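This report refers to the structure that appears directly beneath it.
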Amino acid sequence: MRGGALGIIAEIVSRGKVENMDYSVPCIYGRINKREAVVEVPGSKSITARALFAAALSSGTSVLRGAGLSDDCLTFINCLKSLGIDVAISGRDVTVCGCGGRLKTDGGEVYVGSAGTAARFITALLAFTDGTFRLTCSQQMKSRPVGRLLSALASAGARFEFEEREGSFPFVVHGTSHPQNNLCVDISGSSQFLSALMLASVCAEGGLKISVEGTHGMDYVKMTADIMRSFGAYAVEEDGVWHAGGSYSAREYIVEPDVSAACYFSAANRVLGTDISVKNLPERSMQGDMQFIRLMQSGFDGGSVDMSSFSDQALTLAAIAPFFSQPTHICGTGHIRGQECDRIAAIVSAVRALGGKCEEEADAVTIFPSALRPARINTFGDHRVAMSFAVTGLRSEGVVIENAQVCSKTFADFFEVLDRLVKELTI
Numbered sequence: 052m053r054g055g056a057l058g059i060i061a062e063i064v065s066r067g068k069v070e071n072m073d074y075s076v077p078c079i080y081g082r083i084n085k086r087e088a089v090v091e092v093p094g095s096k097s098i099t100a101r102a103l104f105a106a107a108l109s110s111g112t113s114v115l116r117g118a119g120l121s122d123d124c125l126t127f128i129n130c131l132k133s134l135g136i137d138v139a140i141s142g143r144d145v146t147v148c149g150c151g152g153r154l155k156t157d158g159g160e161v162y163v164g165s166a167g168t169a170a171r172f173i174t175a176l177l178a179f180t181d182g183t184f185r186l187t188c189s190q191q192m193k194s195r196p197v198g199r200l201l202s203a204l205a206s207a208g209a210r211f212e213f214e215e216r217e218g219s220f221p222f223v224v225h226g227t228s229h230p231q232n233n234l235c236v237d238i239s240g241s242s243q244f245l246s247a248l249m250l251a252s253v254c255a256e257g258g259l260k261i262s263v264e265g266t267h268g269m270d271y272v273k274m275t276a277d278i279m280r281s282f283g284a285y286a287v288e289e290d291g292v293w294h295a296g297g298s299y300s301a302r303e304y305i306v307e308p309d310v311s312a313a314c315y316f317s318a319a320n321r322v323l324g325t326d327i328s329v330k331n332l333p334e335r336s337m338q339g340d341m342q343f344i345r346l347m348q349s350g351f352d353g354g355s356v357d358m359s360s361f362s363d364q365a366l367t368l369a370a371i372a373p374f375f376s377q378p379t380h381i382c383g384t385g386h387i388r389g390q391e392c393d394r395i396a397a398i399v400s401a402v403r404a405l406g407g408k409c410e411e412e413a414d415a416v417t418i419f420p421s422a423l424r425p426a427r428i429n430t431f432g433d434h435r436v437a438m439s440f441a442v443t444g445l446r447s448e449g450v451v452i453e454n455a456q457v458c459s460k461t462f463a464d465f466f467e468v469l470d471r472l473v474k475e476l477t478i
């Protein structure tokens, strides 16, 4: 499906009427008549989620300008609404009437869908709130890792009743606003576990001291600390221990464009020789995926890359790795097996379907230079699989993305933007 038909993809997806929408990627390699173009991407999902959290617990009314309004962010907003927070959307601006650090309800049911960020952040919030809440989710979320966060919250005094599998959604949480203040959390599975505790620390009387076990990229934790400080709370790391707490104050906050979304166009530049820029993307950003853009700008042509601190782009790099002159070894990414799908397995599936050669390890994958063939790409319900291998199709003929509508999780009109870009570059 191409052209005008994709102009309605975001609207159709939002109404829940589309399943199994396939997208045939137009190969434009060797057909480009214009190298330069400008695209616009949504506001950062990661920044939006953190700013929503802080605004919801602030005293007063905050306005988030240029917020990301992907499925994940809308799910987060609905979670806040179900907890009594007033949230209004106007265009790309979101107005949030904060609760002053204490929710107005002491019970209820919250649906976190498939939004991993919302699920983890809301769980920490409710664990530090006096009351009893039931958290439900999509089928996909039941397999997402959350046990290590729940262990840390339980050690602080929260109690959990699991409805299906121990340490997983769905569950009932019995929270407390007077937790044990010294916590330890293992972030091997996700740095969001630490970010969740930090953000919710303002609900814990006296704040929190959080020790960290395990290793993970810390760029998103630094983002969390920056946004907390922007809203008036404190978050400081000393000798491996995070001290977080205080209170949030309402403010106007400008959300950066989503660097994760921008990375797909940076990858396209690398394999097409184009100069596609992203509107309003700052030269300096708090988002860790800027590392991927710098990697592409360096002329990377294969080699070993530790992507532990920007692992959302492991799929993007893998999708263009067959075009490099040297093998590409992507490592430090064992945790991506527990994301929307097993992303290492998804890389292997897609590359081999395309006729490429790759080797799989527990926490890494190597992709070799290969001549590719037409193929249908199974997205496994993962938005990043869909968008990453669409970039492959811009250079290699016959790539079809199955279930293209899954991109709505973070970038609902991605394929519409791609269609407009293709027309502009080939006119």
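In this note's numbering, the protein residues as written are 52 to 478.
Glycine included, each C-beta is placed from N, C-alpha and C at the ideal position.
None of these values were measured; they are calculated from a predicted model.
Exercise for the section: Using a threshold of 8 Å, state whether the C-beta atoms of residue 379 and residue 315 are closer than that. Expected result: On the sequence shown, residue 379 is found 328 positions in, with the first residue counted as 1. On the sequence shown, residue 315 is found 264 positions in, with the first residue counted as 1. No, these two residues do not count as a Cβ contact at 8 Å.
Practice task
Could you please give me the residues that DSSP links to residue 155 through a beta bridge?
Solution key: On the sequence shown, position 104 is the one that residue 155 refers to. DSSP lists no bridge partner for residue 155.
Practice task
For residue 224, I'd like the list of residues in its chain whose CB is within less than 7 Å of its CB, leaving aside the five on either flank, ordered along the chain.
Solution key: The count along the sequence shown starts at 1 and reaches residue 224 at position 173. For residue 224, where only same-chain residues beyond five positions count, the Cβ hits under 7 Å are 174, 177, 178, 184, 186, 209 and 211.
Practice task
Reducing DSSP to helix, strand and coil, say where residue 376 ends up.
Solution key: If you number the sequence shown from 1, residue 376 lands on position 325. In this structure, residue 376 counts as coil in the three-state DSSP scheme.
Practice task
Label residue 390 either buried or exposed according to how many other C-beta atoms from any shown protein chain fall within 10 Å of its C-beta, with 16 as the threshold for buried.
Solution key: Translated into the one-based positions of the sequence shown, residue 390 becomes position 339. With 16 or more other Cβ atoms within 10 Å, it is buried.
Exercise for the section: Helix, strand or coil for residue 52, going by three-state DSSP, please let me know. Expected result: On the sequence shown, position 1 is the one that residue 52 refers to. Any reading at residue 52 must be qualified, since the residue scores a pLDDT of 35, below 50, and its modelled position is unreliable; the value itself is stated next. Residue state, collapsed to three classes: coil.
Handout entry: DSSP state of residue 260 mapped onto helix, strand, coil
Key = As a working mapping, residue 260 is identified with position 209 in the sequence shown. Three-state result, residue 260: strand.
Handout entry: Check whether residue 182 and residue 156 have beta carbons under 8 Å apart
Key = Working through the sequence shown from its first residue, we reach residue 182 at position 131. Working through the sequence shown from its first residue, we reach residue 156 at position 105. The answer is yes: Cβ separation under 8 Å.
Practice task
Label residue 222 either buried or exposed according to how many other C-beta atoms from any shown protein chain fall within 10 Å of its C-beta, with 16 as the threshold for buried.
Solution key: Sequence index remark: in the sequence shown, residue 222 carries index 171 (1-based). It is buried - the Cβ of residue 222 has at least 16 other Cβ atoms within 10 Å.
Exercise for the section: Quick one: using the 10 Å Cβ neighbour count with 16 as the cut-off for buried, is residue 124 buried or exposed? Expected result: Position 73 of the sequence shown, counted from the first residue, corresponds to residue 124. The residue is buried, with at least 16 neighbouring Cβ atoms inside 10 Å.
Practice task
Report, in whole angstroms, the separation of the C-beta atoms of residue 435 and residue 405, which I expect to be a contact under 8 Å.
Solution key: The sequence position of residue 435 within the sequence shown is 384, counting from 1. The sequence position of residue 405 within the sequence shown is 354, counting from 1. No, residue 435 and residue 405 are not in contact; Cβ-Cβ is about 17 Å, not under 8 Å.
Exercise for the section: Please state whether DSSP places residue 177 in a helix, a strand or coil. Expected result: To locate residue 177, count along the sequence shown from 1; it is residue 126. Assignment of residue 177 by DSSP, reduced to helix, strand and coil, places it in the helix class.
Problem - Closest Cα partner of residue 207 within the set 199, 364 and 382 - result: Counted from its first residue, the sequence shown places residue 207 at position 156. If we check each option's Cα against that of residue 207, 199 comes out closest.
Practice task
Answer with buried or exposed for residue 150, where buried requires no fewer than 16 other C-beta atoms within 10 angstroms of its C-beta.
Solution key: Counted from its first residue, the sequence shown places residue 150 at position 99. In the assembly as shown, residue 150 is a buried residue. Its beta-carbon has 16 or more other beta-carbons within 10 Å.
Problem - Opening and closing residue of the alpha helix (DSSP H) in which residue 97 lies - result: As a working mapping, residue 97 is identified with position 46 in the sequence shown. Unbroken alpha helix (DSSP H) run through residue 97: 96 to 107.
Problem - the stretch 100 to 111 touching the stretch 467 to 476, judged by at least three CB pairs closer than 8 Å - result: no
Problem - Backbone secondary structure at residue 465 - three-state DSSP - result: As a first step, residue 465 must be located in the sequence shown, where it is residue number 414. Looking at residue 465 - three-state DSSP - the assignment turns out to be helix.
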